[in-house]
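Residue numbers (the numbering used here): 21 to 159.
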């Protein structure tokens, strides 16, 4: 049975999608899988091309860990599908297997229904620090 879109939306995003559907929001869209993994070790080894020489050297110093699944890029057709539905992709995250998007809140429901979308969450917004709360660096 298909999963209800609401179960894939964070509570805040679900609220906004109905209370203020036209509001532009920034959200993380997390994907269910990395289709390239089905190609086996060849695909993971190909991820080496996405790693800097510095990263490869650091991994070698720390025990020889080569490329891993999290080094694979986000599946490009997933990003194109989001854009085709009106999302502005701000940037993908290989480590999270997700993309940061800017969308009208109402679009979250449609995106959550896509079969390759695991969940959507609002990107937390930072707040300026007041000068009295800034650490002096002294303990």
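No residue lacks a Cβ here, since even glycine has one placed at the ideal position from N, Cα and C. This structure is a prediction, so every number in the text was calculated from the model and none was measured.
Neighbourhood of residue i by C-beta distance below 8 angstroms, restricted to the same chain and skipping five residues each side
i, result
"residue 110", "46, 119, 120, 121 and 122"
"residue 42", "124, 125 and 126"
"residue 114", "70, 90, 91, 92, 93 and 94"
Cβ shell of residue i (< 6 angstroms), same chain only, five flanking positions each side left out
i, result
"residue 132", "25, 28, 29 and 140"
"residue 67", "87, 91 and 92"
"residue 34", "26"
Under the three-state DSSP convention, the category residue i falls into
i, result
"residue 22", "Note that residue 22 scores a pLDDT of 48, beneath 50, so its modelled location is shaky and nothing firm can be said."
"residue 143", "coil"
"residue 114", "coil"
"residue 138", "strand"
"residue 29", "strand"
"residue 108", "strand"
"residue 150", "coil"
"residue 85", "coil"
"residue 92", "coil"
"residue 41", "coil"
Residue interval of the beta strand (DSSP E) (run including residue i)
i, result
"residue 122", "118 to 124"
"residue 49", "44 to 51"
Contact set for residue i: own chain, Cβ-Cβ below 7 angstroms, skip 5 residues either direction
i, result
"residue 130", "105"
"residue 65", "87"
"residue 143", "46, 47, 48 and 120"
Host alpha helix (DSSP H) of residue i (start-end)
i, result
"residue 170", "Outside the displayed span of the chain (21 to 159) sits residue 170, for which this structure offers no information."
"residue 130", "127 to 132"
Quiz item: Pairing CB atoms from the segment 87 to 101 with CB atoms from the segment 47 to 56, are three or more of them under 8 angstroms?
Solution: The segment 87 to 101 and the segment 47 to 56 touch, with no fewer than 3 CB-CB distances between them shorter than 8 angstroms.
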